[in-house]
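Here our numbering is used: the first residue of the sequence shown is 133, the next is one more, and so on.
Just so you know, even glycine gets a beta-carbon here, dropped at the ideal spot from N, CA and C.
Nothing here was measured: the structure is a model prediction, and the numbers come from that model.
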Amino acid sequence: MRVLVGCEYSGTVRDAFIARGHDAVSCDLLPTERPGPHYQGSVLDLLGGQHWDLGIFHPPCTYLTSAGLFRNAGNPERQAMTEEALQFVRLLLDAGIERIALENPVGRIGTAVRKSSQTIQPYDFGEDASKATCLWLKNLPLLVADPSNRYPGRWVIDPRNGKTVERWSNQTDSGQNNLPPSKDRWKDRSRTYQGIADAMADQWGGGTVQSVALHAAPVVRQEAQYSMQF
Ligand SMILES: C[S@@+](CC[C@H](N)C(=O)[O-])C[C@H]1O[C@@H](n2cnc3c(N)ncnc32)[C@H](O)[C@@H]1O
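Okay, here's the thing in C-alpha cells:
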C-alpha cells in the first residue's frame, strides 16, 4: 500500500506502516527526525499526479484548537489565520485519495468543516498520556482500542474542585499539560503517540478486517452479556 503521511516530521506513523511492509512516505516543511523516506516541502506538492492508497494528515492546530480560539475574539489577523488553516484542512480532506484520515484536537474543524468521525485518547492505546484527539475519516473504519491495552492513570484530587479524577504522566493534578516551556515544547506536544501510530498501521494497513475483528471482540462480548442480563 502507498501511504502518504502529511505534516509529519517525527516519522512515527510512516515507520509504523513501513514496519508492516508498506511503502510509506512522510512529508513536512521540516526535516524528518528519524531517517526514512521523507519529502521536505508542502504536502500539497504531493497530492496531484501521484497515486496514494491512503493519506494520513496531521495539519497544524495552532489556529484551530479550542484551547486557542478564545484569542480570536477582536483579533482579525488571528481570525484570518484560522480561515487559512481551515482552507488547508479542506484541501487535505478533498485530496483525490481513496482513504483519508485527518487528525486534530477538538476545535474549529468540527464546526466549520464537519463533525469528526471519532475522538480517541492515547491512554486507550497503551500510552501514559491524555490528549483528546479527533479523527476525520474517509473510507476507513473507526480505530478500535483493545480494552486490555488501556494505560491506567493515577487517581488524584483535582485541586480546583476537590473531585477525584484520573490523570496521566503528561498532566498535572489539575489536568494542565505539565511540559515546561521550551523552544521545542510544541514539537514534544504534537508528536504522534506510538500506540496510536501502531493502531493505524495495524487496522488501516490492509489487514483491516481481521485486526478490527480481533480488537473489537472483547467489547462486542461485553455488550452481548449486558443485553442477555437485561
Ligand atoms: C501538529 S504538527 C504534527 C506533527 C506530527 N504529529 C508528527 O508526529 O510529526 C503539524 C506539522 O505540520 C507541518 N506543516 C505545516 N504546513 C505544512 C505543509 N503545507 N506541508 C507539510 N507540512 C506542513 C508543520 O511543519 C508541523 O510539523
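| query | Heavy atom of ligand 1 less than 7 Å from the Cβ of Pro192, yes or no? | reply | At least one heavy atom of ligand 1 is nearer than 7 Å to the Cβ of Pro192, so yes.
* Secondary structure of Asp160, DSSP reduced to three states -> Taken through DSSP and simplified to helix, strand or coil, Asp160 comes out as strand.
From Ala356 to Ser280, what does the alpha carbon distance come to, in whole angstroms?
Any reading at Ala356 must be qualified, since the residue scores a pLDDT of 28, below 50, and its modelled position is unreliable; the value itself is stated next. Distance between Ala356 and Ser280, taken at the CA atoms: about 18 Å.
According to DSSP, is Ala227 helix, strand or coil?
Three-state DSSP puts Ala227 in coil, outside helix and strand.
Note to self: Once DSSP output is grouped into helix, strand and coil, what is the label at Gly200?
What the structure shows: Three-state DSSP puts Gly200 in a helix.
Segments assigned beta strand (DSSP E), at least 3 residues, entirely inside the region 244-289: Fully enclosed beta strand (DSSP E) runs of 3 or longer: 250-252, 265-270 and 286-289.
Residue closest to Ala199, alpha-carbon to alpha-carbon, out of Gly337, Asn309, Leu274 and Arg152: Cα-wise, what sits closest to Ala199 is Asn309.
(Q) Please classify Ser301 as buried or exposed, where buried requires at least 16 other C-beta atoms within 10 Å of its C-beta. (A) The residue in question, Ser301, is exposed, as its Cβ has fewer than 16 Cβ neighbours within 10 Å.
**Request:** Can you check DSSP and say which residues form a bridge with Gly363?
**Result:** The displayed coordinates of the chain run from 133 to 362. Any statement about residue 363 would go beyond what the structure contains.
Determine the DSSP secondary structure at Gly337, reduced to helix, strand or coil. Looking at Gly337 - three-state DSSP - the assignment turns out to be coil, as it is neither helix nor strand.
Taking the alpha-carbon positions, what's the Ile188 to Ala212 distance? The alpha-carbon atoms of Ile188 and Ala212 are separated by roughly 25 Å.
*asked:* Closer than 7 Å to a non-hydrogen atom of ligand 1 - does that hold for the CB of Thr265?
replied: For ligand 1, not one heavy atom lies less than 7 Å from the Cβ of Thr265.
For the alpha helix (DSSP H) that Val145 lies in, which residues bound it at each end? Per DSSP, the continuous alpha helix (DSSP H) segment holding Val145 begins and ends at Thr144 to Ala151.
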